[in-house]
Every structure is written in structure tokens, then in C-alpha cells.
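Okay, structure first, notes after.
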Amino acid sequence: MREHLQPAYVLHSRPYRDTSALVDLLSLQGGLQRVVWRGARSGRGVKPQPFVPLLVSWQGRGDLKTLQQAEVAGAHARLQGQALFSGMYLNELLVRLLSPGDAQTLLFAGYQSALEQLALTPLSVEPVLREFEWQLIVLLGYGFSLTEDADQQPVLADTLYCWSPDMGLYPVVDATQGGLPGRGLLAMAAQNWADPEALPIAKRLMRQVLAVHLGDRPLVSRQLFAPGRTGEPR
């Protein structure tokens, strides 16, 4: 089957045969799609570069399609430094967590918005990362309430909570269990990143949730971040 031109971004690319590449695309209508990009490493035509808005079409019936056409869809801001590493982190999350062929129009819009925010300077990348991680978890069907616990009781600012994939958030009394303060969870729910507890708590919680779905294989992009730097997604 041949698709009409649709918006897409390159998430990952690796060499294939003489001048081609195997490319993972995030497309508006087709979701995650792997294609053979012929001539990707030759001197002519559009190249599979990440973070560049594209219009693409492909052809084929199996899981691996053949790219038919690719055009640059408009101007784009270049990501540098922490913003570049953050964009690579988002790309790797999508490749690891999305199922091929599942349309994710809301996620595509969220990804596009995240790239636009990362391109702004001087902007802290952490709120962008935490918001996208949470949006990804929710849209993939793994979401849970940040304002109610497992017993459907309101999350309280002065209470500690733990998270489990089966229950969601549940209150704990013993501080040695590594509980998450309710105040930080409520600030995260409101995206109130000015609250000093919001980002640290969101980072801890997202680590736990993503680890369940990513499995034991570590994210390569996390190694790009110097330990302790602001914006490090680990």
C-alpha cells in the first residue's frame, strides 16, 4: 500500500546496504514506521536528519516499508547542548515504547510542541521532558491519577506516597520507603514547575514508571548527559 504525503520526523537512522538507511519515522497518521530510505547516504536529495519537519510517503505491505518521497516541510530551529541531548532522549523513548503502525496524532502534536520548546533559549529542559514523559505514558494507556490514590482518596500535600504499576499511588507512613511527597505530586499534576518539589518528584516518579515499560536495556541517550546536570532525564 502507498501512503499519501504526511507530516513526519526522523527518530532514528542506521546504515543499510550501500547508500541506504533503515529509518524509524514518527508520522502523523501512521505512528511509528520503519522504512528503507534509498540513497540516504548518497550526495543527493533530502537526508534523514532528526528534528527536521518532513512530508513523506512510503510503499509496502510488510512491517518494513520503502520510502517513496521525502520533502522538508518548513524551517526548523537547531537544537544544541542539553536541548539536543533531550531531543535524542525523546526520540529513543518513542522508538522503544511505541508499537509500529499505531496512529498517535496527539502524541505527534506533543512531540512537535516539545521540540519547539526545546529550541527556545534560555529554557530549562526539565519541564519539557517531564511533561512529554507524562503525556507519552497517558496516551499509551499507562496513566494513573496524580490527585487521587489507589483507594480514590484525594492525594494530600503532607502525606507520602509510593507508586506501583498495579495500584498507582498509595500512601505510606514509613519515610524510609522512599515515599513521594503529596505536595510535589499535586504540583506535578498542575504542572506548577515553580514549586520547588515539582520537578524532583516528577523526575523520580517518571523514572519508576518508565523503567517498568522500558525493561532492563538502558537508554543510550541517557549516557549523553553529564551526571548531576539540570535536564538530565535519568
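When you line the sequence shown up against the numbering used here, it's residues 12 to 245, in that order.
In this text, a Cβ means the ideal position worked out from N, Cα and C, and glycines have one as well.
The alpha helix (DSSP H) enclosing residue i, as first and last residue numbers
| i | result |
| --- | --- |
| Gln146 | Val136 to Leu150 |
| Gly195 | Gly193 to Ala200 |
| Tyr172 | Where Tyr172 is concerned, there is no enclosing alpha helix (DSSP H), although the beta strand (DSSP E) it sits in stretches over Leu171 to Ser175. |
| Arg55 | Per DSSP, Arg55 belongs to no alpha helix (DSSP H) and is neither H nor E. |
| Thr116 | Thr116 to Leu129 |
| Val106 | Gly92 to Leu108 |
Nearest-angstrom Cα separation, counted from residue j out to residue i
| i | j | result |
| --- | --- | --- |
| Ser24 | Ala32 | 6 Å |
| Trp174 | Gly190 | 8 Å |
| Gly41 | Val184 | 46 Å |
| Gln202 | Glu144 | 13 Å |
| Ser232 | Ala198 | 27 Å |
| Arg89 | Glu142 | 21 Å |
| Leu95 | Pro64 | 15 Å |
| Gly242 | Gly98 | Confidence in Gly242 is poor, its pLDDT being 46 and thus under 50, which makes the residue's placement too unreliable to answer from. |
| Gln164 | Gly85 | 48 Å |
| Gln93 | Met217 | 19 Å |
| Pro176 | Pro133 | 36 Å |
| Asp169 | Asp160 | 14 Å |
| Ser135 | Glu82 | 31 Å |
| Pro59 | Val34 | 7 Å |
| Pro229 | Val220 | 14 Å |
| Val47 | Tyr27 | 8 Å |
| Glu208 | Thr187 | 18 Å |
| Gly73 | Arg107 | 20 Å |
| Trp204 | Ser124 | 18 Å |
| Tyr153 | Val223 | 10 Å |
| Val139 | Asp206 | 15 Å |
| Asp227 | Ala213 | 21 Å |
| Gly54 | Leu75 | 24 Å |
| Ala114 | Phe62 | 19 Å |
Boundaries (first-last residue) of the beta strand (DSSP E) holding residue i
| i | result |
| --- | --- |
| Val325 | Outside the shown range of the chain, which is 12 to 245, sits residue 325, and nothing can be said about it. |
| Gly231 | Looking at the sequence itself, residue 231 is Val, so the reference to Gly does not match. Val231 -> no beta strand (DSSP E), and no H or E assigned at all. |
| Ser27 | First, the residue type needs correcting, since residue 27 is Tyr and not Ser in the sequence shown. Segment Gln17 to Tyr27, the beta strand (DSSP E) holding Tyr27. |
| Arg72 | Where Arg72 is concerned, there is no enclosing beta strand (DSSP E), given that its DSSP letter is neither H nor E. |
| Val47 | Gly42 to Trp48 |
| Val34 | Ser31 to Ser38 |
Contact belief for residue i with residue j at Cβ below 8 Å, rounded distance in angstroms
| i | j | result |
| --- | --- | --- |
| Pro111 | Arg49 | About 20 Å separates the two Cβ atoms, so there is no contact after all. |
| Leu105 | Leu37 | 6 Å |
| Leu43 | Leu129 | Their Cβ separation, rounded to whole angstroms, is 20 Å, which puts Leu43 and Leu129 out of contact at 8 Å. |
| Pro211 | Gly193 | Not really, about 14 Å apart at Cβ, beyond 8 Å. |
Minimum Cβ-Cβ distance from residue i to chain C less than 7 Å
| i | result |
| --- | --- |
| Ala81 | Of the protein chains in the structure, only one exists, and it is not chain C. |
7 Å Cβ cutoff met for residue i and residue j
| i | j | result |
| --- | --- | --- |
| Gln146 | Gly121 | yes |
| Val149 | Thr158 | no |
| Arg52 | Thr30 | yes |
| Leu225 | Asn102 | no |
| Leu39 | Phe155 | no |
| query | Hey, is the region 12 to 32 in contact with the region 61 to 80, meaning 3+ C-beta pairs nearer than 8 Å? | reply | yes
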